[in-house]
Structure formats: structure tokens, C-alpha cells
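>
Residue numbers (our numbering): 1 to 906.
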């Protein structure tokens, strides 16, 4: 058998090397894209998880395993031994084993030790007492102090001899921040109260600077590096406060804590290794955390360490927040993936169809000479596999190299699926086409008047699936299951099938009046275009699916950009703004106006604690110049109004007209004036004359806006500048603003929304998927035209012998290709518009557009984007007609002799 197959494969590859190279390039490119997609998704999801945990801070992500002090009934030496470093280290290893493989622990940032759980008031009068209360301290004996800190002054503490609960003196170190704020120096002695004996003298031997203050070693318990000014609840107007700091003891001195009243406890803090956590392992990680906090893991920890062990962490809350964000983004990415995968599959099938059509006569001759279908399919499979398998492996290698992070098994599965499709498409297509043995090949430029019942049933099934997917998406949103992800694709497929049924009928109706025109080119082109065959299904399917996906994806990206721009506008209120806690100097306005890119400046004064009427509630009062502020509100669309709405008609003694938010207007009414007490003690009377939902100066829902000319001189001094100018120099604005002023730029705020790795990564993958789908759709169009090229060349050659000029030949091919391209363009545009309109109620773009819940409330709805609907459609028209024109020009140059040869197999 091998002796028969090998010559066949070699012969075929030598006979058509160009086709083999083209197939190899197509398979390699498709496999590379298919293999890179799941790894790219894994990469941006892992990066988003790391960013989310970094923002959550170590005090929330650290897993805290704690145990109380040893039982009081135990002998003193056994209680002290339970706090020795060796015992704690052994128990630390047991705790690490209990964490399991799902929770990747960063051992360099994890810690264990002993610390007091009750703050101890120290009597030393030299420690600062802001409100007269003595300072308090916590004693902490934690491992690894030397590896995580630098000695700024003095030395590290030591434990001379054996320390137990009765020791009277120990050494300690403090952080630099603690030393600065509590006035501690090297050699200072702090007397910590003990139980039933004199205080313990804690001598400070060193002042330490953390090597990395933000790491989990120092940030799991921030008190270790930064003291806290604690407020005591009181009834008086002035808060009562005291300082709370930490004294860092050597681990060997931990038993001394048993002699204090601080209720010492043992702890083992497990810091997650952010680089080792993977987004696809979140389910396992959640299960591990749940088992440690209140499940089998906790039971094992109590059996191994201490019956009183407790486990707590806010890591599960941070993971839940990330999971909610990812669940809102993943369905949108799945839509692009489904559309692109459909187009890629169609292109592979079209490539196989092109190869089968080119070899139709050869395969029919083999069948006529007695070749069996399995034997014929096997030979085609062998010659295709020789090219496709190495190409698929090369594409997979490129994908693994281009995207080094992510799971490999999904990339391999995707590349294998592409390779199997490429290998099996040609044999299956040939087996179906040559199942009956024919002497002559059937014509493929005609279509049956009535489609088969099988086709009708298949089309109705797809219609039902599309309707179900759209209904599920509109009702349940993107959480409606996997069928939701293919809703736009199903819409495109159904539209393609409907257009294929209507296409011949429409063209035949158009061809009748065209027959009355002078010349035969128009009538002939329409007649040929109306003779569609089954081969037109795949190109139209690819084009409509790609156009629908591109329109849907472009609308998603446009909606994301619009939501981010709107949120940035709501946050800043203008293109840029400068805010200050107090009045701005008079010269600042001129300096800011002179900054390049600034076109207009609106100065406003904001009194955040203005108290209307009874003075119980505060409402921000904004004093503005009506003209510039009205122009700013009109340009930004934030509560536009006319300048006359804030100008008084009753003279300087009457109430000031005010612009108010709906909530303020509902509380104080719009008919009667009411007084407003300002922050400087003055009072102004206002009357609400206009109500607006928003205003540029304030993002809050409550506000009053008045003409600042009616305020006192102090109250009218501007505290903020709202700037117009999309290209204002941010650095120049910060230099021109007063010292202490905060400058915010709309463009920077918008860029901050796009800085999240999860959202920006999803956006990039989405864009790449849509672009790949569009590119392969153009390739499908090229394959369709290439498939018809030999027949068109022969037609032109015959018509030229009958007197057709070259210009008429070019018009014939262009007009012949124009109806199908026009149908695909119009159908794709309408299908994309309909898909966006149908699916928009179930899609919320907030998750992919805006990073946090702190973002101002804004609409992130999916709306049709005109550029995404028209640009791909126009591109299809231009490419289709351009290729037809080039083909006619090239055929005219070659001459007609070769095309008129009977039986020539090209």
C-alpha cells in the first residue's frame, strides 16, 4: 500500500507546488491565530487578576492563620516552648502543606510569629500625647526581620540568654516612621505593663527601614511599619486621640509576651504569590480558601497545630470582585471569537472547494476508471495531510512563541482542529461530489428552482437557534449560556441563507428591464449573475458573518470609547480643571489662559458646606460667570442653559436666580426664595429658576449654581478653573496652576479607565479577532473570484471572437461581480444594524469600558456605529469590483488562444 501512496503524493505535490504552498500558508496562518487566541485570553486575564490583587493590598489578600496563646493549665516551660521559633517554624511548614497547590504562596513575603492582640498603654511621659492619653504599643516577635529591613541606626534586637514570661528586660526595634512620630531614639526604654509584677523594660536597639514597605511582610499588618493615631469616640466637638505603634522583638524573645496583659497569639500569614495565580484556577482557589476557612482544611489545621486555630482572609472577596468583572467581559470576547472562527472555517472549506473544482475532471476520470470512494478520499487525505500537518505544527509553534503565557492544551486543541478541518475538507468534498460515477461533470452555473427539503429543514433549524439565542440574550443578558455568544453569528448565517433564496429572484426581475437597454453587456452580466450555484453559499456566508461580526464588534468598541469619554467628562467637567482647597491667586487665571491649547477658562467658586434654609443639610453652592459657564455647559452637554437664567431681573436687592439639581429643587421648591448660609458666615437669598440633572463644576447629584457677582467678595473668589481645549498641555497647566492646586485632564482620566489589564487586554483581543475575521472574509472573496476565474477567462475569450471589445469585457466582469458584492454589502450592513439593535438590551458595556464602581454613573449602551457598518461594506464592494477589473485587464493581455483550447485542464 505504501508503495502506491508515496508516488501519488510526490507526483501531486510536484504537479501543483503553488497550490501546496498556498494551502500550507493558509493552514499555518489559521493555526497560528487559533492557537494564539486562548493563550492571549489567559494572558490578559492573569494580568487582570494580578492587578486586582495588587489593588486589593496585602492586608486583604493575605491568608491569616491564627492560634491563641497556649493553655493556662500547661506548665510555664511548655507554654514558653510553644512560642519558640523552632516550634512556630515547624507549624508554619504544616500550614503551608495544608494550603495545597491551588493557593500559590510567596514564601519570601509570608511570615509567622507571636504578637499581642490587645494594645498596652505605656506610662512613659516622653512619648507624645496629642490629647493627654498615653501612647499604646503592641509587641510583635516576627521571623525574618533582618531579611526584610535595613538598619538605619543602631542594630537589630537580640535575646540574650533564655527569655521567658518572667524576663524583666528585652530588646526591640522600631520602624523609621514609628521612631519619627513617637519620638523614639536608639537607646530609648519603653516600659510595657506586665501582669502582677513591675513593667517590662523594652530597650530600643535599632531603627529600621523596610526594604519594600508595600510587600506583604510589612503590609499584612501595616502597624509594623506605620503607627496610627487612634481616635476615641467622645461626645465633645474635639476628637480625643492617642498614638499606637509596634515594638519589633527578636523571635527568641516571644515568650516574654506571656507575662503581659496583651493576650499574645500565634500567627502564620500566607501571602499569595501573584505571579503563580492563574485566572482559570479561580474555582479551585475558591474551594481551597473555603476549605481552609470553614471546611476540611480548617479541621486538619486544628489537628496539626492547635485546636483553637482560626483562618480568615478577604482574598475570596477580591477574587469574587475579579470574577464578576471577568464574567461581564468574557461573553463579549466570545462573540468575536465565534464570528472569527466561523469565517476561518468557511475559508478552509472554500479552499478545499477550490481545489476540488480545479481537479473535478481528474477525479471524475479516476472514478470512471474504477477508483473507489474510500480509496480516492484516502489518497486526497494523504496528499493534503503531507502539507497541512507540518503547516499546522508550524502555526502552533508560532502561536506559542508569539504568546508565551497561557495554557498550552487549548492552543494545541485549536491548532489540531484547524489542521483536521484542512485535511478532511478536500476528501469529504470530493467524496460527496463524486459519489455517483459520471461521464460528464454537471453544470455548476445553474441552481435548482426548489431547494431540497433537507436544506429547508436545516435553514429552519438555524432560524430557531438564532431566535432562541437572541431571546436569551435580551432576557438574561450575557449570562444566558454559550448559545448567547453565537447570536450575532447566527444572525449573519440566517441573513445569508435568506439572501441566497431571494438573490436569483431579485436579479431576474432586474434583468427584464435591463433587456430593453441598448447593448448586450448589461443583460448578459445580470443573466450570468442570476445563475448562482451552491458554490455561492460559502462566500456569501463568510462575507455576511464577517460583516455582522465587524459591525457588532465595531459598535462594541465605539460604545466602550464613548462610555470612557463620557465618564471622564463627568469626572472632570471640562477638558481640564484646576481645583484648590482655598481661593486661587488672581494671577493664576491669566497664566492658565496663556498655556498652549487652552481656548477658554471658566472660573468658579465652590462652597461645599453651604447650608440652605434651616441649615441642617449641606448643599454645594457654585458661583459662576453666567456667560462662560453657560457656553461650557452647552459644549459639554452637562446641563446646558442660557446665560439669562442666572441673571437677576429684580435688581441687586432681590434673590439670586439659581440653577439646581432635581433633588435640591424637590427639597426647597422653585417658587419661594430661601436663604443660604455660606462658609464665611454670610448669607445669600436664592430662588431656583432652572433645574438640570448635571452641571460641569460638580459631579455630585446635589448642587446650586448662582451668579458669583451676587456673592460677597470673599465668597466670589474662584476656587476652581474649568478649561476648554482638547489639546491643552497638561505639564504646562500644572506649572501654571497655583502651588497646592490639583490639575486633572480629561484625556488622562480617560486613559486611566483603559489602563486595566483585564479590560484593555479584552479590548485588544476583541479588536484583533474582528480584524482577523475581516481579513479572512476578504480572502474568502478572493477565493470565490479565483474559483470563477478560469470560466470567466474562457467566456471573455469566446466573446472577444464575436466582437466584444476589451472595455466591454471589463464592464461585463465588473457588472457580473457587482450584484453579489452589493448584496453582501447591503445585507451585511442591514444584518449588522439589526443584530446590534436586537442584542443591545441584553449587553452592558460597563464591565469592559469602566474599571471600578467608583467611576461616575454613565450609560454604556450598545448602539450601532455608522463607521463600523459602512466601512467594511464599502471595502467589500471596492475589493470585489477591483478584482474583477484586474482580472479582465489581465485576461485581455494574455490573448484568447489558450482559453479557446478544448479540453485544456488548467
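Just so it is clear, CB atoms sit at the ideal spot from N, CA and C, and this is done for glycine as well.
(1) Less than 6 angstroms between C-beta atoms, sequence neighbours within five positions excluded: which residues of the same chain meet that for residue 784?
(2) Residue 814 and residue 885: beta carbons closer than 7 angstroms?
(3) Since I believe residue 249 is in contact with residue 157 (beta carbons under 8 angstroms), could you give me their beta-carbon distance rounded to a whole number of angstroms?
(4) Are there 16 or more other CB atoms within 10 angstroms of the CB of residue 118, so buried, or fewer, so exposed?
(5) Do the segment 26-35 and the segment 329-349 touch if we need at least three Cβ pairs shorter than 8 angstroms?
(6) Can you tell me whether residue 70 is buried or exposed? The criterion is at least 16 other CB atoms within 10 Å of its CB, across all chains shown.
(7) If you draw a straight line from the C-alpha of residue 247 to the C-alpha of residue 625, how long is it?
(8) Compute the beta-carbon to beta-carbon distance between residue 862 and residue 845, rounded to the nearest angstrom, for a pair I have assumed lies under 8 angstroms.
(9) If we require 4 or more residues per run, which alpha helix (DSSP H) segments fall completely within the segment 175-256?
(10) Given that a residue counts as buried once 16 or more other Cβ atoms are within 10 Å of its Cβ, and exposed if not, what is residue 853?
(11) Would DSSP call residue 907 helix, strand or coil?
(12) At which residues does the beta strand (DSSP E) containing residue 296 begin and terminate?
(13) For residue 306, I'd like the list of residues in its chain whose CB is within less than 7 angstroms of its CB, leaving aside the five on either flank, ordered along the chain.
(14) Could you tell me which of 596, 776, 664 and 702 sits nearest to residue 723, measuring between CA atoms?
(15) Looking only at its own chain, which residues have a Cβ that is under 6 angstroms from the Cβ of residue 3, when we skip the five neighbours before and after it?
(16) State the beta-bridge partners of residue 265 as determined by DSSP.
(17) In this structure, how does DSSP classify residue 801 when only helix, strand and coil are distinguished?
(18) Assess, as a yes-or-no matter, whether the segment 751-767 is touched by the segment 607-620 under the definition of 3 or more beta carbon pairs within less than 8 angstroms.
(19) Let me confirm a value: residue 350 is counted as buried when at least 16 other C-beta atoms fall within 10 Å, else exposed. Which label applies?
(20) Using the DSSP secondary-structure output, state which residues sit across from residue 312 in a beta bridge.
(21) Where residue 206 and residue 174 are concerned, what is the direct C-alpha to C-alpha distance, given to the nearest angstrom?
(22) Output yes or no for whether 7 angstroms exceeds the beta carbon distance between residue 425 and residue 396.
(23) Pull up the CB-CB distance for residue 253 and residue 179, whole angstroms please, since I reckon it's below 8 angstroms.
(24) Sorted by chain position, which residues of the same chain lie with C-beta nearer than 8 angstroms to residue 699's C-beta, five sequence neighbours on each side aside?
(25) Please work out which residues of its chain come closer than 6 angstroms, Cβ to Cβ, to residue 838, disregarding the five sequence neighbours upstream and downstream, and give them in chain order.
(26) Determine which residues share a DSSP beta bridge with residue 623 and list them.
(27) Let me check understanding here. Comparing Cα to Cα, which of 374, 501 and 489 lies closest to residue 452?
(28) As a quick exercise: from 554, 751 and 407, pick the residue whose alpha carbon is nearest that of residue 35.
(29) Can you tell me whether residue 843 is buried or exposed, with buried defined as 16 or more other CB within 10 angstroms of its CB?
(30) Helix, strand or coil for residue 883, going by three-state DSSP, please let me know.
(31) Considering just the uninterrupted stretch of the beta strand (DSSP E) at residue 660, what are its terminal residues?
(32) For the beta strand (DSSP E) containing residue 138, name the first residue and the last one.
(33) So, residue 736 versus residue 606, is the Cβ gap smaller than 7 angstroms?
(34) For a test of the three-state rule: what should DSSP assign to residue 535, helix, strand or coil?
(35) Taking the alpha-carbon positions, what's the residue 768 to residue 106 distance?
(36) Is residue 409 helix, strand or coil when you go by DSSP?
Reading it off the structure:
(1) As a working mapping, residue 784 is identified with position 784 in the chain shown. Taking residue 784 as the centre and dropping the five residues before and after it, the same chain places the C-beta of 539 closer than 6 angstroms to its C-beta, in chain order.
(2) Your numbering for residue 814 matches position 814 in the chain shown. Your numbering for residue 885 matches position 885 in the chain shown. Residue 885 sits close to residue 814, with the two beta carbons spaced by under 7 angstroms.
(3) Reading the chain shown from its first residue, position 157 is the one you call residue 157. Reading the chain shown from its first residue, position 249 is the one you call residue 249. In this structure residue 157 is in contact with residue 249, their Cβ atoms being roughly 6 angstroms apart against a cut-off of 8 angstroms.
(4) Walking along the chain shown from the start, residue 118 turns up at place 118. Around the beta carbon of residue 118, a 10 Å sphere encloses fewer than 16 other beta carbons of the protein chains shown; the residue is thus reported as exposed.
(5) Taking 8 angstroms as the limit for Cβ pairs, the verdict is that the segment 329-349 does touch the segment 26-35.
(6) Locating residue 70 in the chain shown gives position 70, counting from the first residue. By the Cβ-count criterion, residue 70 is buried, with 16 or more other Cβ atoms from all chains shown falling within 10 Å of its own Cβ.
(7) Looking up residue 247 in the chain shown gives position 247. Looking up residue 625 in the chain shown gives position 625. Straight-line spacing of the CA atoms in residue 247 and residue 625 works out to 57 angstroms.
(8) Residue 862 sits at position 862 when you count from the first residue of the chain shown. Residue 845 sits at position 845 when you count from the first residue of the chain shown. Confirmed, Cβ separation roughly 6 angstroms.
(9) Qualifying alpha helix (DSSP H) stretches, in chain order: 176-182 and 216-219.
(10) For the purposes of this step, residue 853 is identified with residue 853 of the chain shown, where counting begins at 1. Confidence in residue 853 is poor, its pLDDT being 49 and thus under 50, which makes the residue's placement unreliable; the coordinate value appears in the next sentence. Exposed, since its Cβ has fewer than 16 Cβ neighbours within 10 Å.
(11) Residue 907 cannot be examined here, being either before or after the span of the chain that is shown, 1 to 906.
(12) Taking the chain shown and counting its residues from 1, the one referred to as residue 296 is at position 296. It is not in any beta strand (DSSP E) - residue 296 instead sits in the alpha helix (DSSP H) that spans 296-304.
(13) The residue labelled residue 306 in the question sits at position 306 within the chain shown. Result list for residue 306: 67, in chain order.
(14) One-based indexing of the chain shown puts residue 723 at position 723. Nearest option by C-alpha distance: 596.
(15) For the purposes of this step, residue 3 is taken as the residue at position 3 of the chain shown. Here the model assigns residue 3 a pLDDT of 47, short of 50, so the residue's position is not dependable and the matter cannot be decided.
(16) As a working note, residue 265 is residue 265 in the chain shown. Bridge partners of residue 265: 68 and 115.
(17) The sequence position of residue 801 within the chain shown is 801, counting from 1. In this structure, DSSP gives residue 801 a helical state, which the three-state scheme calls helix.
(18) Verdict: no, contact absent.
(19) On the chain shown, position 350 is the one that residue 350 refers to. With 16 or more other Cβ atoms within 10 Å, it is buried.
(20) The sequence position of residue 312 within the chain shown is 312, counting from 1. The partner list for residue 312 (beta bridge, DSSP) reads 64.
(21) Sequence index remark: in the chain shown, residue 206 carries index 206 (1-based). Sequence index remark: in the chain shown, residue 174 carries index 174 (1-based). Within the model, the alpha-carbon separation for residue 206 versus residue 174 is close to 7 angstroms.
(22) Counted from its first residue, the chain shown places residue 425 at position 425. Counted from its first residue, the chain shown places residue 396 at position 396. The Cβ atoms of residue 425 and residue 396 do not sit closer than 7 angstroms to each other.
(23) The residue you call residue 253 lines up with position 253 of the chain shown. The residue you call residue 179 lines up with position 179 of the chain shown. Not a contact, Cβ separation roughly 19 angstroms.
(24) Taking the first residue of the chain shown as position 1, residue 699 is located at position 699. Within the same chain, and ignoring the five residues on either side of residue 699 in sequence, the residues whose Cβ sits closer than 8 angstroms to its Cβ are 570, 571, 573 and 856.
(25) In the chain shown, residue 838 corresponds to position 838, counting from 1. The answer, listed in chain order, is 470.
(26) By 1-based counting over the chain shown, the position of residue 623 is 623. Paired residues: 605 and 706.
(27) The count along the chain shown starts at 1 and reaches residue 452 at position 452. With distances taken between Cα atoms, residue 452 lies closest to 501.
(28) On the chain shown, residue 35 is found 35 positions in, with the first residue counted as 1. Answer by Cα proximity: 407.
(29) Counted from its first residue, the chain shown places residue 843 at position 843. Buried, since its Cβ has 16 or more Cβ neighbours within 10 Å.
(30) Counting from 1 along the chain shown, the entry for residue 883 is found at position 883. Residue 883 falls in the helix class under three-state DSSP.
(31) Translated into positions along the chain shown, residue 660 becomes position 660. Per DSSP, residue 660 is one residue of the beta strand (DSSP E) stretching across 656-660.
(32) Working through the chain shown from its first residue, we reach residue 138 at position 138. Residue range 136-142 is occupied by the beta strand (DSSP E) that includes residue 138.
(33) As a first step, residue 736 is located in the chain shown; it is residue number 736 there, counting from the start. As a first step, residue 606 is located in the chain shown; it is residue number 606 there, counting from the start. Against a cut-off of 7 angstroms, the Cβ pair of residue 606 and residue 736 comes out as no contact.
(34) Position 535 of the chain shown, counting from 1, holds the residue named residue 535. The pLDDT assigned to residue 535 is 49, lower than 50, so where the model puts this residue is not dependable; a value taken from the coordinates is nonetheless given after this. DSSP places residue 535 within a helical segment (H, G or I) once states are collapsed to three.
(35) Indexing the chain shown from 1 puts residue 768 at position 768. Indexing the chain shown from 1 puts residue 106 at position 106. For residue 768 and residue 106, the distance between alpha carbons rounds to 35 angstroms.
(36) On the chain shown, position 409 is the one that residue 409 refers to. Residue 409: helix per DSSP, three-state reduction.
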